[in-house]
Ligand SMILES: Cc1cc2nc3c(=O)[nH]c(=O)nc-3n(C[C@H](O)[C@H](O)[C@H](O)COP(=O)(O)OP(=O)(O)OC[C@H]3O[C@@H](n4cnc5c(N)ncnc54)[C@H](O)[C@@H]3O)c2cc1C
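Residue numbers (this note's numbering): 6 to 361.
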């Protein structure tokens, strides 16, 4: 079916569009390369009363083998611009740009602000959706504006950071899934010396260097991520996952004390790497989900049929070949069950289920 300049295809297998390499057919599927095409695609969906799913790089989703009975819009809107401003350097990238290519470009220009987020797969447009984060940084710290099409009002708008309601792995775009089609994101970057990383893995690497460059920090982040299997680089293509499957649970000090009591009462040896929890500025405690998963009996590399845990990181569920979306979801439920039984903690998925 040809609409304006786009071809709307039917029954397109989604597995090849996800990093899990899992997923059945989309009833309708279209690639949009301009803002106008996005609007046309959404009008097509409205006219047919179809559900809509906006797809980036497919690196944070688990799709059912029954597929998606609606319109999948793959965002490939491209373009970047850079503007010097009093407060820093404003870099804007269209939603369909590859996230890590954009980060690499900013680092090559000596700009700081995104270097700790190097190596995260996916697109620029998805970065604000779950407020991507790593190594003590999150993208909301650098975002100054998100341009999006609001399906509720039928118009484009610019959202300031406060309107995005960013929180840990969440935002208004995640909470109101399907309402906004993000088309561009603007970041405020800096030409000043980057601050020294505070995350333990990186602190050790920079013990001898008081003022590492952005390029040195990026390179350290990439090699640390590679050791944990948290990149999709040459040699890692077969690593079929969506990165961290669960969020790290955040709890009150009272609940954390109860958790500590429970761990002491258990007879099994406590094998978690230090630190396995972090004190947050608001007084809450963030606990390592990977630690709880391992203590609940799932070691790295543990397999349950065709699904299992990464042998490099206990937080990543991996499709070891031919697993269905349903099998992976089932395995994730077993992990949730055991962690709840052992520690009374409910692990919340970070990965989004589509059609599951
Ligand atoms: C190996 C690996 C490592 C990872 N490491 C990290 C990490 O360190 N930190 C982290 O936070 N995440 C990490 N992730 C998860 C993932 O890379 C990020 O969440 C990423 O931002 C998803 O981008 P994507 O383009 O693939 O989005 P998709 O998976 O395609 O979509 C994710 C969500 O964003 C929505 N979306 C996508 N594009 C748009 C748009 N233009 N407008 C509106 N909504 C949109 C989708 O509808 C969906 O709800 C990792 C994943 C993998 C596979």
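Glycine residues also receive a C-beta, built at the ideal position from the N, C-alpha and C atoms.
None of the values given here were measured: they were computed from a predicted structure.
**Message:** I'd like to know whether the C-beta atoms of residue 29 and residue 71 end up nearer to each other than 8 Å.
**Reply:** The residue labelled residue 29 in the question sits at position 24 within the chain shown. The residue labelled residue 71 in the question sits at position 66 within the chain shown. Yes; because the gap between Cβ atoms is below 8 Å, this pair is in contact.
**Item:** Collapsed DSSP secondary structure at residue 282 in the structure displayed
**Value:** As a working note, residue 282 is residue 277 in the chain shown. In the structure shown, residue 282 sits in a strand (DSSP, three-state: E or B).
**Item:** heavy atom of ligand 1 below 7 Å from residue 65 C-beta
**Value:** In the chain shown, the residue the question calls residue 65 occupies position 60. Because some heavy atom of ligand 1 lies under 7 Å away, the Cβ of residue 65 counts as near it: yes.
**Prompt:** Where do the ends of the beta strand (DSSP E) carrying residue 90 lie?
**Reply:** Taking the chain shown and counting its residues from 1, one reaches residue 90 at position 85. Residues 85–90.
**Item:** Span of the beta strand (DSSP E), counted from its first residue to its last, around residue 96
**Value:** By 1-based counting over the chain shown, the position of residue 96 is 91. Residues 93–99.
**Message:** Rounding to the nearest angstrom, what Cα-Cα distance links residue 264 and residue 348 in this structure?
**Reply:** Within the chain shown, numbered from 1, the residue matching residue 264 stands at position 259. Within the chain shown, numbered from 1, the residue matching residue 348 stands at position 343. Approximately 6 Å between the Cα atoms of the pair.
**Prompt:** When the Cβ atoms of the segment 191–201 are set against those of the segment 112–122, are three or more pairs found closer than 8 Å?
**Reply:** yes
**Message:** I'd like the span of the beta strand (DSSP E) that includes residue 149, first residue to last.
**Reply:** Within the chain shown, the letter at position 144 stands for residue 149. Element bounds for residue 149: 148–155.
**Prompt:** Does the beta-carbon of residue 51 have 16 or more other beta-carbons within 10 angstroms, so that it is buried, or is it exposed?
**Reply:** Translated into the one-based positions of the chain shown, residue 51 becomes position 46. Residue 51 should be labelled exposed.
**Request:** Report all residues from its chain with a CB closer than 6 Å to the CB of residue 62; omit the five preceding and five following residues, and keep chain order.
**Result:** In the chain shown, counting from the first residue as 1, residue 62 sits at position 57. If we look at residue 62 and ignore the five residues flanking it on each side, its Cβ neighbours are 126, 127 and 128.
**Request:** Using three-state DSSP, classify residue 171 as helix, strand or coil.
**Result:** Locating residue 171 in the chain shown gives position 166, counting from the first residue. Assigned with DSSP and collapsed to three states, residue 171 falls in coil, not helix or strand.
**Prompt:** Which of helix, strand or coil does DSSP assign to residue 342?
**Reply:** Here residue 342 corresponds to residue number 337 of the chain shown, with the count starting at 1. Three-state DSSP puts residue 342 in a helix.
**Asked** Relative to ligand 1, is the shortest distance from any of its heavy atoms to the C-beta of residue 48 smaller than 7 Å?
**Response** Taking the chain shown and counting its residues from 1, the one referred to as residue 48 is at position 43. Every heavy atom of ligand 1 is 7 Å or more from the Cβ of residue 48, so no.
**Contained beta strand (DSSP E) runs [length at least 3] in the segment 176–253, N- to C-terminal order** = 185–194 and 246–249
**Asked** For residue 253, is the classification buried or exposed, using 16 other Cβ atoms within 10 angstroms of its Cβ as the cut-off for buried?
**Response** Indexing the chain shown from 1 puts residue 253 at position 248. So residue 253 ends up on the buried side.
**Request:** Work out the CA separation of residue 300 and residue 1 for me, nearest whole Å.
**Result:** Since the first residue shown for the chain is 6 and the last is 361, residue 1 is missing from the structure and cannot be characterised.
**Item:** Candidates 94, 37, 157 and 169: closest to residue 132 by CA position
**Value:** Here the question's residue 132 lines up with position 127 in the chain shown. Nearest of 94, 37, 157 and 169 to residue 132, Cα basis: 169.
**Backbone CA spacing between residue 24 and residue 288 [nearest angstrom]** = The residue you call residue 24 lines up with position 19 of the chain shown. The residue you call residue 288 lines up with position 283 of the chain shown. Near 36 Å, if we compare the C-alpha coordinates of residue 288 and residue 24.
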